[in-house]
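Everything in the sequence shown is counted per the working numbering, starting at 1088 for the first residue and increasing by one.
A short worksheet on the structure shown next.
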Amino acid sequence: MLLMKDIIRDGHPTLRKIAKEVPLPPDPADIETLKSMEEFLINSQDPVISDKYGLRGGVGLAAPQINVPKRMFVMRLTDEKGEEYNYSFINPKIISHSVEKSYLTSGEGCLSVDRNIPGYVLRYARITVKGFNEKGEELKLRLRGLPAIVFQHELDHLNGVMFYDHINKKNPFQLNENAIPIE
Ligand SMILES: O=CN(O)CCNC(=O)c1cccc(Cl)c1Cl
Ligand code: NI
């Protein structure tokens, strides 16, 4: 099972690389990797297991974070309406997005960043995304709210971007007027 020691931290070059497209259909090793990433998220959200193994909670995990520079990530969360977003994405893309932006009022965090970095991360409020799942089936989703934010945080990891790259250095809590807050 994946542990915190398997997660590379800020400063490791892989976090700043552009991850490579995954040939389809995905080979068994890539499917295995995705399954282990999904298992990590499940464990990290379990109060007993996360405590036992010292796992920091996460709602997403990208392959570069376990030093696998491939274009794949897993997200696992429930939105404010109680709708579940449990997806593995291979070769994910944003195919269209709103002009409007949104942000988490609590800011963002990252398993690859061992410090709290306060500030608002402005992201597209609504996105249409596509990719493939671990079975090689095409996925096309419209996301908004927390799922849209998490998808963009993970996609950034595939492009060598960290969440704090988006935070305004002079005024970390700067907002443009029509940004939508997500509590
Ligand atoms: O890349 C994934 N991680 O680093 C896992 C840990 N961070 C989170 O779960 C997290 C926390 C807050 C906001 C967002 Cl958007 C995310 Cl994703
Ligand atoms: Ni992260």
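The beta carbon of each residue, even a glycine, is placed where N, CA and C say it ideally should be.
(message) By the three-class DSSP mapping on this structure, what secondary structure does Ala1212 have?
(response) Here residue 1212 corresponds to residue number 125 of the sequence shown, with the count starting at 1. DSSP places Ala1212 in coil when its eight states are reduced to three.
(message) Suppose you measure from the CA of Lys1180 to the CA of Lys1168; what does that come to, to the nearest Å?
(response) Sequence index remark: in the sequence shown, residue 1180 carries index 93 (1-based). Sequence index remark: in the sequence shown, residue 1168 carries index 81 (1-based). Rounded to the nearest whole angstrom, the CA to CA distance from Lys1180 to Lys1168 is 25 Å.
(message) I need the boundaries of the beta strand (DSSP E) containing Pro1179, first residue and last residue.
(response) For this step, residue 1179 is matched to residue 92 along the sequence shown. From DSSP, the beta strand (DSSP E) with Pro1179 extends over Glu1171 to His1184.
(message) Between Val1248 and ligand 1, is there a pair consisting of the residue's CB and a ligand heavy atom that are separated by less than 7 Å?
(response) Counted from its first residue, the sequence shown places residue 1248 at position 161. Ligand 1 has no heavy atom closer than 7 Å to the beta-carbon of Val1248.
(message) Does the beta-carbon of Glu1241, which I'm using as the reference point, lie nearer than 7 Å to any heavy atom of ligand 1?
(response) Walking along the sequence shown from the start, residue 1241 turns up at place 154. The answer is yes for Glu1241.
(request) Work out the CA separation of Ile1094 and Ser1137 for me, nearest whole Å. (result) Residue mapping note: residue 1137 aligns to position 50 of the sequence shown, counting from 1. Residue mapping note: residue 1094 aligns to position 7 of the sequence shown, counting from 1. Their Cα atoms are separated by approximately 15 Å.
(request) Please name the residue in Met1088, Phe1160, Arg1103 and Lys1092 whose C-alpha comes closest to that of Gly1218. (result) As a first step, residue 1218 must be located in the sequence shown, where it is residue number 131. Checked all of Met1088, Phe1160, Arg1103 and Lys1092; the closest Cα to Gly1218 is Phe1160.
(message) On a Cα-Cα basis, can you pick out the residue from Met1162, Lys1257 and Asp1201 that is closest to Ala1235?
(response) Taking the sequence shown and counting its residues from 1, the one referred to as residue 1235 is at position 148. The candidate whose alpha carbon is nearest that of Ala1235 is Met1162.
(request) Take Val1135 and list the residues in its own chain whose beta-carbon comes closer than 6 Å to its own, dropping the five residues that flank it on each side. (result) For the purposes of this step, residue 1135 is taken as the residue at position 48 of the sequence shown. The beta carbon of Val1135 sits closer than 6 Å to no other beta carbon from its chain once the five residues preceding and following it are set aside.
(message) Please state the DSSP three-state secondary structure of Lys1157.
(response) Walking along the sequence shown from the start, residue 1157 turns up at place 70. Lys1157 falls in the strand class under three-state DSSP.
(message) On the DSSP letters alone, give me the boundaries of the alpha helix (DSSP H) that Ile1118 sits inside.
(response) To locate residue 1118, count along the sequence shown from 1; it is residue 31. Element bounds for Ile1118: Pro1115 to Ser1131.
(message) Measuring only the C-alpha atoms, how far is Asn1246 from Pro1110?
(response) Along the sequence shown, one-based indexing puts residue 1246 at 159. Along the sequence shown, one-based indexing puts residue 1110 at 23. Approximately 18 Å between the Cα atoms of the pair.
(message) My assumption, with CB atoms under 8 Å, is that Glu1221 sits in contact with Pro1113. Please give the rounded CB distance.
(response) In the sequence shown, counting from the first residue as 1, residue 1221 sits at position 134. In the sequence shown, counting from the first residue as 1, residue 1113 sits at position 26. At roughly 6 Å, the Cβ-Cβ gap stays under 8 Å, so Glu1221 and Pro1113 are in contact.
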